[in-house]
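Asks:
Residue numbers (our numbering): 1 to 177.
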């Protein structure tokens with residue numbers, strides 16, 4: 001029987017959008033109904049969360065934090081989220097490191113869930129993309145410095161996609177298996 005899945009996400013540079021699109025394609029290929037909603041600071045409250053079999057929420061890290069409106073959304077909808085199966089995934093460059101690429105070891109995911117007081121059914125973390133070509137000069141300078149501190153790529157002439165796409169697809173499949 002087809003399941004009804006809602007993917008709610010925030011995305012600054014588009015990587016979380018690509019991740020949810022890949023999840024949607026994977027779930028739809030398995031015969032499930034998928035709805036994707038980009039969450040913004042102006043998104044109206046949603047009253048229909050319990051009408052979905054799965055609600056999957058994803059957010060990316062920007063300057064060490066998930067968007068405040070993502071936290072507000074979750075806190076405002078804790079009741080609806082508790083009435084269905086839920087998943088949360090975090091997209092961050094820290095997850096490019098082997099010792100920070102699981103839900104148990106990723107500090108951003110754990111800190112965020114602790115702050116919002118939500119315990120989703122499933123969690124996952126995905127490495128994001130380093131998109132120097134899309135950053136303004138200020139962001140490029142700061143992100144390059146952060147990458148230098150964390151022994152990452154500092155070559156601003158190229159973008160790097162760290163996302164493990166087979167893991168994204170596997171996570172989507174695991175929701176409905």
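Glycine included, C-beta positions come from ideal geometry on N, C-alpha and C.
Assign residue 95 to one of two classes, buried (16 or more other C-beta atoms within 10 Å of its C-beta) or exposed (fewer than that).
Replies: As a working mapping, residue 95 is identified with position 95 in the chain shown. By the neighbour-count rule (16 or more Cβ atoms within 10 Å), residue 95 is buried.
Asks: Indicate the three-state DSSP secondary structure (helix, strand or coil) for residue 12 in the structure shown.
Replies: Here residue 12 corresponds to residue number 12 of the chain shown, with the count starting at 1. Residue 12: coil per DSSP, three-state reduction.
Asks: Between which two residues does the beta strand (DSSP E) holding residue 60 run?
Replies: Translated into positions along the chain shown, residue 60 becomes position 60. First-last of the beta strand (DSSP E) with residue 60: 54-60.
Asks: Determine the direct distance from the alpha carbon of residue 137 to that of residue 124, and round the result to whole angstroms.
Replies: As a position in the chain shown, residue 124 is number 124, starting the count at 1. As a position in the chain shown, residue 137 is number 137, starting the count at 1. C-alpha separation (whole angstroms): 31 Å.
Asks: Please state the DSSP three-state secondary structure of residue 124.
Replies: Locating residue 124 in the chain shown gives position 124, where the first residue counts as 1. Note: residue 124 maps to strand in three-state DSSP.
Asks: May I ask you to report which of helix, strand or coil DSSP gives residue 34?
Replies: Within the chain shown, the letter at position 34 stands for residue 34. The answer is strand: DSSP assigns residue 34 an E or B state.
Asks: Secondary structure at residue 99, three-state DSSP: helix, strand or coil?
Replies: As a working note, residue 99 is residue 99 in the chain shown. Correct three-state label for residue 99: helix.
Asks: Please list, in chain order, all residues of the same chain as residue 20 whose beta carbon is under 7 Å from its beta carbon, the five residues on each side excluded.
Replies: Here residue 20 refers to the residue found at position 20 of the chain shown. Here the set comprises 7, 9, 36, 58.
Asks: Express the C-alpha separation of residue 112 and residue 103 in angstroms, rounding to a whole number.
Replies: One-based indexing of the chain shown puts residue 103 at position 103. One-based indexing of the chain shown puts residue 112 at position 112. For residue 103 and residue 112, the distance between alpha carbons rounds to 11 Å.
Asks: Nearest by alpha-carbon distance to residue 28: which of 39, 4, 18, 40 is it?
Replies: Residue 28 sits at position 28 when you count from the first residue of the chain shown. Nearest C-alpha to residue 28: 4.
Asks: Apart from the five residues just before and just after residue 2, which ones in its own chain have a Cβ nearer than 8 Å to its Cβ?
Replies: Locating residue 2 in the chain shown gives position 2, where the first residue counts as 1. Here the set comprises 31, 32, 33.
Asks: Can you give me the C-alpha to C-alpha distance between residue 162 and residue 43, rounded to a whole angstrom?
Replies: On the chain shown, residue 162 is found 162 positions in, with the first residue counted as 1. On the chain shown, residue 43 is found 43 positions in, with the first residue counted as 1. One C-alpha to the other measures close to 29 Å.
Asks: Report all residues from its chain with a CB closer than 7 Å to the CB of residue 159; omit the five preceding and five following residues, and keep chain order.
Replies: Position 159 of the chain shown, counted from the start, is the residue given in the question as residue 159. So the qualifying residues of the chain are 129, 130, 131, 132, 133.
Asks: In its own chain, which residues sit with a C-beta less than 8 Å from the C-beta of residue 119, not counting the 5 before and 5 after it?
Replies: Working through the chain shown from its first residue, we reach residue 119 at position 119. Around residue 119: 113.
Asks: Give me whichever residues DSSP pairs with residue 5 in a beta bridge.
Replies: The count along the chain shown starts at 1 and reaches residue 5 at position 5. In the DSSP output, where bridge partners are listed per residue, residue 5 has 34, 54.
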